[in-house]
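Take a look at the structure below.
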Amino acid sequence: MNSANDILSEPDKPPAPADGLVELLRSMMLIRAFEERLMQMPRPGFQLLSSGEEAVAVGVCAALGPDDQLLSGGRAIGPALARGLEPHAVMAELQGKITGPCRGKGGRGHLAQPSAGFFGAHAVVGGNLTIAAGVALAAQLRRCSWIVACIFGDGACGAGALHETLNLAALWRLPLLLICCNNQYSVSTPVRQAIAPERLADLALPFGIPRQTVDGMDVVEVRQAARVATAAIRAGAGPFFLECVTYRFATHSTASRESRPPDEILLWRERCPIQRLAARLGAAGVLDQEGLAALQREVAALADAAAAHADAAPFPEPAEGLTDVD
Amino acid sequence: MLTESQAGGAGAGGPKVFFREAIARALGEEMERDERVFLLGQDVAEFGGPYKETAGLFERFGAARVRNMPVAEGAIVGVAAGAAAAGMRPIACVTYMDLFTLCLDPLVNYAAKLRYKTGGQLHAPLVLKTTAGAKGQGVAHSQCLEAWLMNVPGLKVVAPSTAADAYGLLKAAIRDDGPVVFIDHKRLFPTTGFLQMQEIPLGRASLVRHGTAATIVTYSFMTHVVLEAAARLDQEGIATEVIDLRTLAPLDVETVCASVARTGALLTVEEGQVVCGVGAEIAFRVHERLPQARAARLGARRAPISSNPVLEAFCLPSVDRVRDAVKALLSA
């Protein structure tokens with residue numbers, strides 16, 4: 469067992485008021501259903517799945533406004549869908565089809581649709597951190613009111629790019645929310661073997677950046693923390709570091725071997741953020757079994773439609789590969 | 049050493065300035081013209097740039113647009129790439145080209161691929177200005193690594209040899225939708241030349257000396273070394289044509305081939321390594337069109353560039369080595 473446990477919220481915590489909670493649940497269920505449907509495609513391809521981590525992206529995106537920009541690491545299906553990208557467009561991009569927002573050229577790990585507030589994923593671990601700082605600097609220089617959020621993994625916390633980004637973000641008081649989606653593994657390497665600080669949020673401490681570590685399996689807690697952080701950032705307080713302790717349910721990628729202890733996987737599956745919120749809403753009388761089933765049908769239909777669209781959409785002509793180069 | 053008025057031809061119109069002043073002038077004019085243009089790098093603010101090439105800009109444009117950066121090359125280029133993608137037109141200054149080893153990720157993996165990987169939704173109009181070349185600073189502050197960059201789809205690379213070209217190419221680079229790497233040279237900063245007060249389009253080489261015996265293709269500071277060698281060869285009755293590439297990517301193969309078609313012989317001269325170098329690329333591109341032409345390449349000897357003056361000079365292409373290489377090529 470790891471130290472992440474001490475920040476896990478109590479499962480019997482009293483339910484929050486029904487402040488958009490069904491929408492949060494639906495958004496998480498869509499990500500799960502989408503990824504399940506993706507893996508049923510005839511050729512799902514190499515993918516980086518977000519299942520298990522849905523609460524992080526959904527909770528953060530619930531605190532973002534339409535003009536804000538989100539960046540992410542390569543594990544971007546959750547962030548893209550949580551930001552509101554159309555499932556059929558995301559599925560098309562992941563399948564390399566021309567109807568994807570990047571015309572099938574970005575693909576897995578590089579989803580992007582800035583017009584929808586998703587500035588983009590970048591599959592180099594830690595590679596989007598200084599980029600996000602630059603986007604935030606542009607917002608500051610242009611005196612824009614929107615802010616920038618960047619989701620990265622615990623793996624990025626060992627990279628110099630994070631140190632450089634924290635330093636500049638603090639120095640310039642950038643409108644930047646840094647979200648560490650700590651799923652506790654870099655492929656096979658446990659965070660304990662890779663990163664010295666026990667809490668990754670403490671990396672922000674020497675820079676004077678406010679920080680918080682939350683249970684990343686609890687979407688309500690993530691959203692609450694993100695709301696507080698984004699309000700401070702919008703008020704001009706500068707950057708914020710939000711660590712969300714979570715767990716991916718699948719292997720690092722669809723091509724990776726599983727290396728984590730089976731009992732650990734089981735334990736974290738029991739903390740499934742979707743089941744947890746559904747149970748909370750059920751107990752509060754907000755959503756009954758029938759309502760939950762209806763939501764499930766709805767997201768499954770969206771995932772099916774996305775798959776059908778992606779299946780029918782054409783690949784780019786090979787010559788498309790020579791466009792948008794220079 | 050020849051001045052760039054000899055290298056660059058007619059210096060009509062503009063004032064005579066130091067190379068470093070040409071850079072500061074282009075930067076200042078572009079910042080005046082377009083408020084999205086801003087500068088970030090180590091020592092670029094009050095200090096005025098490592099070689100005074102940003103002198104006066106901090107006073108004119110202030111700390112928001114002339115931003116001193118920590119010694120963090122990855123962040124200098126990453127922040128610039130992100131800001132460029134978000135609508136600004138930054139000029140990122142990395143003091144020495146050797147330090148590209150620290151910032152290739154945001155340059156190569158992000159900025160150069162951004163337009164492609166987003167299907168045209170985003171692009172990175174970024175200029176990365178850096179200083180190459182050997183001048184006594186040793187193994188990690190002397191290198192010419194431009195051949196690495198020519199290999200990357202999506203990157204443009206310019207390396208002027210004169211004040212006029214530095215001014216004109218920097219203006220074009222800033223206006224380009226980039227990313228563009230702008231390479232100056234330690235030994236060029238003290239040179240002077242007449243400005244031509246005009247933008248110089250990227251991708252066009254300059255024929256700086258006419259001749260019939262052989263074509264020498266070079267760029268950046270080596271242009272001056274080559275021109276001196278050409279003058280000596282002239283005295284020996286060997287008239288060489290000299291092309292200053294000015295832009296390395298995209299490469300002006302047309303101008304090079306037109307010259308080699310006339311002379312029948314090609315020598316490439318670069319300050320960096322010849323293995324997979326600029327000359328290797330040019331020689332092959334010429335060979336594809338003119339298989340009969342003779343070709344040879346000259347560059348640094350295959351060793352690190354020492355701060356020891358004897359060892360540094362031994363490694364670099366010199367006037368004598370250029371002259372010998374032309375003679376060897378013609379007697380082959």
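Those sequence lines, one after another, are chains A and B.
Plus 468 on top of the position in the first sequence (first one is 1) and you've got our numbering.
Plus 48 on top of the position in the second sequence (first one is 1) and you've got our numbering.
No residue lacks a Cβ here, since even glycine has one placed at the ideal position from N, Cα and C.
Residue i classed as buried or exposed, judged by whether at least 16 other C-beta atoms fall within 10 angstroms
i, result
"residue 507 of chain A", "exposed"
"residue 480 of chain A", "Residue placement at residue 480 of chain A is poorly supported in this model, since its pLDDT is 45, which falls under 50; the coordinates still yield a value, given next. That one is exposed."
"residue 260 of chain B", "exposed"
"residue 591 of chain A", "buried"
"residue 55 of chain B", "Confidence is the limiting factor: at residue 55 of chain B the pLDDT is only 42, short of 50, which leaves the residue's position unreliable and the question unanswerable from this model."
"residue 119 of chain B", "exposed"
"residue 473 of chain A", "Confidence at residue 473 of chain A is low in this model, with a pLDDT of 45, below 50, so the placement of that residue should be treated as unreliable; the coordinate-derived value is given next. Exposed: under 16 other Cβ atoms inside 10 Å."
"residue 329 of chain B", "buried"
"residue 782 of chain A", "exposed"
"residue 576 of chain A", "buried"
"residue 482 of chain A", "Low per-residue confidence applies at residue 482 of chain A: pLDDT is 47, beneath 50, and the placement is therefore not dependable enough to give any value."
"residue 234 of chain B", "buried"
"residue 650 of chain A", "buried"
"residue 720 of chain A", "buried"
"residue 149 of chain B", "exposed"
"residue 729 of chain A", "exposed"
"residue 775 of chain A", "buried"
"residue 514 of chain A", "exposed"
"residue 324 of chain B", "exposed"
"residue 613 of chain A", "exposed"
"residue 171 of chain B", "buried"
"residue 518 of chain A", "buried"
"residue 67 of chain B", "buried"
"residue 339 of chain B", "exposed"
Proximity to residue i [Cα-Cα], best of the options
i, options, result
"residue 359 of chain B", "B:167, B:186 and B:138", "B:186"
"residue 112 of chain B", "A:607, A:543 and A:667", "A:607"
"residue 785 of chain A", "A:565, A:655 and A:530", "A:565"
"residue 224 of chain B", "B:372, B:356 and B:205", "B:205"
"residue 744 of chain A", "A:686, A:616 and A:695", "A:686"
"residue 363 of chain B", "B:63, B:99 and B:190", "B:190"
"residue 334 of chain B", "B:222, B:107 and B:265", "B:265"
"residue 736 of chain A", "A:718, A:547 and A:752", "A:718"
"residue 348 of chain B", "B:106, B:181, B:215 and B:133", "B:181"
"residue 716 of chain A", "A:661, A:655, A:670 and A:667", "A:655"
"residue 628 of chain A", "A:499, A:578, A:596 and A:512", "A:596"
"residue 714 of chain A", "A:658, A:487, A:588 and A:700", "A:658"
"residue 617 of chain A", "A:631, A:759 and A:601", "A:601"
"residue 285 of chain B", "B:262, B:271 and B:274", "B:262"
"residue 619 of chain A", "A:638, A:792, A:593 and A:701", "A:593"
"residue 292 of chain B", "B:376, B:102 and B:251", "B:251"
"residue 294 of chain B", "B:155, B:249 and B:308", "B:249"
"residue 647 of chain A", "A:668, A:674, A:711 and A:664", "A:711"
"residue 202 of chain B", "B:279, B:277 and B:227", "B:227"
"residue 133 of chain B", "A:599, A:777 and A:571", "A:599"
Residues bridged to residue i (per DSSP)
i, result
"residue 141 of chain B", "B:89 and B:177"
"residue 267 of chain B", "For residue 267 of chain B, which the question treats as bridged, DSSP gives no partner whatsoever."
"residue 244 of chain B", "Partner(s): none; residue 244 of chain B has no beta bridge."
"residue 616 of chain A", "A:537 and A:644"
"residue 317 of chain B", "B:346"
"residue 715 of chain A", "The partner list for residue 715 of chain A (beta bridge, DSSP) is empty, contrary to what the question assumes."
7 Å Cβ cutoff, residue i in contact with chain C
i, result
"residue 259 of chain B", "Checking the listed chains, one finds no chain C in this structure; the protein chains it contains are A and B."
Would you list, in chain order, the members of the region 118-130 of chain B that have their beta-carbon closer than 7 Å to a beta-carbon of chain A? 118, 120, 122, 123, 126, 127, 128, 129 and 130
Length-filtered (3 minimum) beta strand (DSSP E) runs lying within the region 145-220 of chain B: 175-180 and 204-206
Of the residues that make up the region 159-192 of chain B, which ones have a beta carbon closer than 7 Å to any beta carbon in chain A? 163, 164, 165, 166, 167, 168, 169 and 170
Residue ranges of each alpha helix (DSSP H) run of no fewer than 4 residues wholly in the region 97-142 of chain B, ordered along the chain? 105-109 and 121-133
Short-range partners of chain B found in the region 716-732 of chain A, where Cβ spacing is below 9 Å: none
At a Cβ cut of 9 Å, what residues of the region 628-654 of chain A count as close to chain B, listed as they run along the chain? 628, 629, 631, 632, 633, 635, 636, 639 and 640
Give, in chain order, every residue of the region 136-158 of chain B whose Cβ lies closer than 7 Å to some Cβ of chain A. 136, 153, 154, 157 and 158
Which runs of the beta strand (DSSP E) fall wholly inside the region 656-713 of chain A and span at least 3 residues, in chain order? 679-683 and 708-713
Runs of beta strand (DSSP E) wholly within the region 320-379 of chain B (minimum 3 residues, chain order): 342-348
Listed from N- to C-terminal order along the chain, which residues in the region 582-604 of chain A have their beta-carbon within a distance smaller than 7 Å of any beta-carbon of chain B? 582, 588, 590, 592, 595, 598, 599, 600, 601, 602 and 603
Quick check on the DSSP output: what are the complete alpha helix (DSSP H) runs of length 4 or more inside the region 477-526 of chain A, in order along the chain? 489-507
Taking a cut of 7 Å between CB atoms, which residues from the region 332-357 of chain B lie near chain A? none
Residues from the region 220-234 of chain B in contact with chain A, defined by Cβ distance under 8 Å: none
Against chain B, which members of the region 531-543 of chain A pass a CB distance test of less than 9 Å? 537 and 539
Entirely enclosed beta strand (DSSP E) segments - the region 276-300 of chain B, minimum 3 residues: 288-292 and 295-297
Residue ranges of each alpha helix (DSSP H) run of no fewer than 4 residues wholly in the region 545-602 of chain A, ordered along the chain? 545-550 and 555-562
Scan the region 192-218 of chain B for residues whose Cβ lies nearer than 8 Å to a Cβ of chain A and list them as they occur along the chain. 201, 202 and 204
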